[in-house]
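Worksheet for the structure shown next.
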Amino acid sequence: MNKNMIITGLIIFVLAVLSPFWFNIITTIEAAPKPELLGNAKEEKKCVLEKYDMRANHPSLLDEWRDSVVRDSDRQYKAANGHTFEMSLSTGKNSCLGCHEDKAKFCDSCHTYASVDPYCWECHTNPKEIK
Amino acid sequence: MMEKSRRSFLRVAGIAAIGLGVSPAMNFASSDSNGAAVAVKGKNEQALIAKRWGMVIDTSKLNKEINEKMIEACHKAHNVPDFNHEVDKGKYPKTRPVNHKQEIKWIWEEHFPYAFPDKEDEFLAEKFHDLPFLVTCNHCKNAPCVQACPTKATFKREDGIVIMDFHRCIGCRFCMAACPYGSRSFNFRDPRPFIAETNPDFPTRSKGVVEKCNLCAERLSKGELPHCVEASEGAIVVGDLENPESEVRVILKEQYAIRRNEALGTEPSVYYIM
Ligand code: SF4
Ligand code: SF4
Numbered sequence: 475m476n477k478n479m480i481i482t483g484l485i486i487f488v489l490a491v492l493s494p495f496w497f498n499i500i501t502t503i504e505a506a507p508k509p510e511l512l513g514n515a516k517e518e519k520k521c522v523l524e525k526y527d528m529r530a531n532h533p534s535l536l537d538e539w540r541d542s543v544v545r546d547s548d549r550q551y552k553a554a555n556g557h558t559f560e561m562s563l564s565t566g567k568n569s570c571l572g573c574h575e576d577k578a579k580f581c582d583s584c585h586t587y588a589s590v591d592p593y594c595w596e597c598h599t600n601p602k603e604i605k
Numbered sequence: 682m683m684e685k686s687r688r689s690f691l692r693v694a695g696i697a698a699i700g701l702g703v704s705p706a707m708n709f710a711s712s713d714s715n716g717a718a719v720a721v722k723g724k725n726e727q728a729l730i731a732k733r734w735g736m737v738i739d740t741s742k743l744n745k746e747i748n749e750k751m752i753e754a755c756h757k758a759h760n761v762p763d764f765n766h767e768v769d770k771g772k773y774p775k776t777r778p779v780n781h782k783q784e785i786k787w788i789w790e791e792h793f794p795y796a797f798p799d800k801e802d803e804f805l806a807e808k809f810h811d812l813p814f815l816v817t818c819n820h821c822k823n824a825p826c827v828q829a830c831p832t833k834a835t836f837k838r839e840d841g842i843v844i845m846d847f848h849r850c851i852g853c854r855f856c857m858a859a860c861p862y863g864s865r866s867f868n869f870r871d872p873r874p875f876i877a878e879t880n881p882d883f884p885t886r887s888k889g890v891v892e893k894c895n896l897c898a899e900r901l902s903k904g905e906l907p908h909c910v911e912a913s914e915g916a917i918v919v920g921d922l923e924n925p926e927s928e929v930r931v932i933l934k935e936q937y938a939i940r941r942n943e944a945l946g947t948e949p950s951v952y953y954i955m
């Protein structure tokens, strides 16, 4: 009797603990959307960092840029690949959005997928959204 | 048998630990030695630089019209909200009614007794009494707002500009209490519905942060003079207070100029020629 109780208890426990895996087996996972390179970005083919580095580290890059611009008043970034960029998220042709013109397809698609909600856009403006 | 295997295990584990400890140094050395280019940050070539930025305002050249032009140029360029602006109800349907005490300003008109309370006197020349002075952040050399800010959101740049990192502002408003000139405004609400035409070249602010004049740091960095100076028809000059040859110093050598509330020891960098 006792033994049976323990074994059933254990089975239920194991099933419950592994529930995320069961959940993943029965639901289909949507593949992460690829950020789309459109307009300028498509032609340029040269970004600030390598693609994978950029994917992983763009938040810390932006953080570094912000400090550099606001604190040290350095606004030019000569990247390791020799190209020079304006350290700005959204102002001017040589900024992030200056090249990646479509914020919805470049930033938002991934952020939505990963359910991150960066508050950049509470202050920074998307030039395309201003009529 | 047992003992031997334990010993060899420890040996391997020890070597592995050394390897782990050394690997960051190795990585560092290898990334350094392969000569891969590193990114460099720097200023624009055209950037205007100074040891300590200052401003001289010629009060004889101020009048209502020019003042308004300067204020508009500054506020438009920096997306400063105007709470008299009719809100677009379609775009911002849930906008609360405005409280006009919560005004936001970077540069504004002030009458002499308020701008210079310590110099008020009953026989003051009428000319001064009625003149609309133009006031803004003084970019004080000894800025109390900088000392008050607990997050270093407000700080003094090397070139004397007292500037804010809006990202870091937690909205405690210590700086507003500390500034004796009322140069700072607080965003009690989202400013966006009250910006008639958003300038894409400058961010807006969000609810809960303080803002004030930044001496057009974004323009100086491109080699351009501040918006107010451009609109001032010669009433405002900016330059390097530490350089005896600069335009501001030349003017200050020849003409009598005062600063707001000098007795406080904040050492304002904005001078008014009387
Ligand atoms: S005028 Fe006020 S806000 Fe400007 S630097 Fe001086 S204390 Fe700070
Ligand atoms: S309100 Fe913002 S800028 Fe002012 S003291 Fe607090 S954190 Fe600093």
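As given, the protein sequences belong to chains A and B, one line each in that order.
Per the numbering used here, residue 475 is the first one in the first sequence, and the count goes up by one each step.
Per the numbering used here, residue 682 is the first one in the second sequence, and the count goes up by one each step.
For each residue, glycine too, the CB sits at the ideal point set by N, CA and C.
Note that the C-beta distance between V929/B and V737/B is below 8 Å.
A Cβ-Cβ distance of about 22 Å is found for the pair P861/B and N748/B, leaving them out of contact under the 8 Å criterion. A contact is defined here as three or more CB-CB pairs under 8 Å, and the segment 823-831 of chain B meets this definition with respect to the segment 854-869 of chain B. Below 8 Å, too few C-beta pairs join the segment 791-802 of chain B and the segment 878-890 of chain B to call them touching: fewer than three. Straight across, the Cα-Cα distance linking N514/A with D576/A is about 10 Å.
Residue environment for Y953/B: buried (at least 16 other C-beta atoms within 10 angstroms of its C-beta). Boundaries of the beta strand (DSSP E) around M845/B: V843 to M845.
Legend: CB atoms of the segment 882-900 of chain B lying less than 9 Å from CB atoms of chain A belong to residues D882, F883, P884, T885, R886, S887, K888, V890, A898 and E899. Taking non-hydrogen atoms of ligand 1 into account, the C-beta of S864/B is found less than 7 Å away from one of them.
DSSP, read as helix, strand or coil, puts A938/B in strand. Residues of chain B with a Cβ closer than 8 Å to the Cβ of P601/A are, in chain order, P881. Identification of chain B residues near E596/A by a Cβ-Cβ cut-off of 7 Å yields S887, ordered along the chain. In this structure, ligand 2 has no non-hydrogen atom nearer than 7 Å to the beta-carbon of A944/B. From the listed residues D769/B, E790/B and G735/B, the smallest Cα separation to E923/B is found for G735/B. Against chain A, the beta carbon of V719/B has neighbours under 8 Å at A554, listed in chain order.
Shown in chain order are the members of the segment 556-587 of chain A whose Cβ falls below 8 Å from a Cβ of chain B: G556, M561, S564, T565 and G566.
Chain B has a Cβ within less than 8 Å of the Cβ of V544/A. Chain-order list of chain A residues neighbouring N725/B: R549 and Q550, by C-beta distance under 8 Å. For the segment 526-573 of chain A, the continuous beta strand (DSSP E) assignments of 3+ residues that do not extend past its boundaries occur at 550-552 and 558-560, in sequence order. Taking W539/A as reference, the option from S686/B, G723/B and S950/B with the minimal CA-CA separation is G723/B. By the C-beta density criterion, P907/B is buried, having at least 16 other C-beta atoms within 10 angstroms. Among the residues facing chain A, H766/B is not included, as its CB has no counterpart in that chain under 8 Å away.
Taking 8 Å as the cut-off, the Cβ atoms of S547/A and R838/B count as close.
Cβ proximity to chain A below 9 Å picks out L901, S902 and K903 from the segment 900-919 of chain B.
Residue side-chain check: V843/B places its Cβ nearer than 7 Å to a non-hydrogen atom of ligand 1.
Listed as beta-bridge partners of Y953/B by DSSP are I738/B and I939/B. Counting C-beta pairs closer than 8 Å gives fewer than three between the segment 750-766 of chain B and the segment 846-853 of chain B, which falls short of the contact rule.
Put simply, of P872/B, C894/B, I696/B and F836/B the residue whose alpha carbon is nearest the alpha carbon of G863/B is C894/B.
Chain B places a beta carbon closer than 8 Å to that of I604/A, counting this residue as a contact.
Rounded to the nearest angstrom, the Cβ distance from K742/B to G920/B is 17 Å, too far for a contact under 8 Å. In the displayed model, F883/B falls within coil according to three-state DSSP, outside both helix and strand. The bridge partners DSSP lists for H792/B are P813/B.
In this structure, H598/A and D591/A do not form a Cβ contact; the two beta carbons are roughly 14 Å apart against a cut-off of 8 Å.
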